[in-house]
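**Student:** Residue numbers (UniProt numbering): 1 to 143.
Glycine included, every Cβ here is placed at the ideal spot set by N, Cα and C.
Fair warning: this is a prediction, and the values are worked out from it, not measured in the lab.
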C-alpha cells in the first residue's frame, strides 16, 4: 500500500478523533452531571452516550467523511440507522466493561468511562468508515 493511498484514511482517522473529542466532551459533561444528580452510572452512560452519538453522526457526516446530502433528500435514514446500530453495539460492549471496572476493579466511574471510551474508538471508526459513510458509485473508502 503506497503512502498516497494511506493519506485519506489517516486524515479521516485524525478528523474522526477530533470530532470524537468534541463528542466525548459532550458525553463526559452529561455523564458527570447525571452522576452529580444521583443517576445510576449505567443509566447515565446510556443517556450521555446517546447525546454524544447524535452529535457524532452529524459532525462526522460533514467534517470527517464529507458526506453531502442530495438536494431532494434532507436526511438519510439508512445511514443514520447504520450509524445508530454501530453505536448501540459499542454501547452494548461498553456497559459490561464499565460495570466491571466500577464494581469489580473499584475504579471511579469517570476513570472507568475514560478507559472504556479509549477502547471503543477504533472499532467505531472502522465500522463507521466501512459501513456507514462509503464513497459514492459503489466504491468503498480505500483501507
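Could you give the DSSP three-state label for residue 67: helix, strand or coil?
**Tutor:** Taking the chain shown and counting its residues from 1, one reaches residue 67 at position 67. Coil at residue 67, not helix or strand.
**Student:** Tell me which residue opens and which closes the alpha helix (DSSP H) that residue 104 is part of.
**Tutor:** The count along the chain shown starts at 1 and reaches residue 104 at position 104. Residue 104 -> no alpha helix (DSSP H), and no H or E assigned at all.
**Student:** Tell me which residue opens and which closes the alpha helix (DSSP H) that residue 7 is part of.
**Tutor:** Position 7 of the chain shown holds residue 7. Element bounds for residue 7: 3-36.
**Student:** When the Cβ atoms of the region 124-136 are set against those of the region 43-51, are three or more pairs found closer than 8 Å?
**Tutor:** no
**Student:** Is the shortest distance between the beta-carbon of residue 98 and the beta-carbons of chain C less than 8 Å?
**Tutor:** Absent from the structure is chain C; it holds one protein chain and no more.
**Student:** Just checking, does the region 29-36 make contact with the region 1-14 on the three C-beta pairs under 8 Å criterion?
**Tutor:** Touching, no.
**Student:** Residue 121 and residue 38 - do their beta-carbons sit closer together than 8 Å?
**Tutor:** As a first step, residue 38 must be located in the chain shown, where it is residue number 38. As a first step, residue 121 must be located in the chain shown, where it is residue number 121. For residue 38 and residue 121, no; Cβs fall outside 8 Å.
**Student:** Which whole-angstrom value describes the C-beta separation of residue 41 and residue 102, a residue pair presumed to lie in contact below a C-beta threshold of 8 Å?
**Tutor:** On the chain shown, residue 41 is found 41 positions in, with the first residue counted as 1. On the chain shown, residue 102 is found 102 positions in, with the first residue counted as 1. Indeed they touch by this definition, with Cβ atoms about 6 Å apart.
**Student:** Using a 10 Å radius around the Cβ and a threshold of 16 neighbouring Cβ atoms, would you call residue 174 buried or exposed?
**Tutor:** Because residue 174 is not part of the residues shown, which for the chain are 1 to 143, the question remains open.
**Student:** Which value, in whole angstroms, describes the spacing of the CA atoms of residue 88 and residue 35?
**Tutor:** Your numbering for residue 88 matches position 88 in the chain shown. Your numbering for residue 35 matches position 35 in the chain shown. If you take the alpha carbons of residue 88 and residue 35, they lie about 21 Å apart.
**Student:** Could you check whether residue 113 and residue 100 sit closer than 8 Å to each other, using their CB atoms as the reference points?
**Tutor:** In the chain shown, the residue the question calls residue 100 occupies position 100. In the chain shown, the residue the question calls residue 113 occupies position 113. Taking 8 Å as the Cβ cut-off, residue 100 and residue 113 do not qualify as a contacting pair.
**Student:** Could you check what DSSP says for residue 39 in three-state terms: helix, strand or coil?
**Tutor:** The sequence position of residue 39 within the chain shown is 39, counting from 1. Looking at residue 39 - three-state DSSP - the assignment turns out to be coil, as it is neither helix nor strand.
**Student:** Under the rule that 16 or more other beta-carbon atoms within 10 Å means buried, what is residue 133, buried or exposed?
**Tutor:** Sequence index remark: in the chain shown, residue 133 carries index 133 (1-based). Its Cβ being crowded by 16 or more others within 10 Å, residue 133 is buried.
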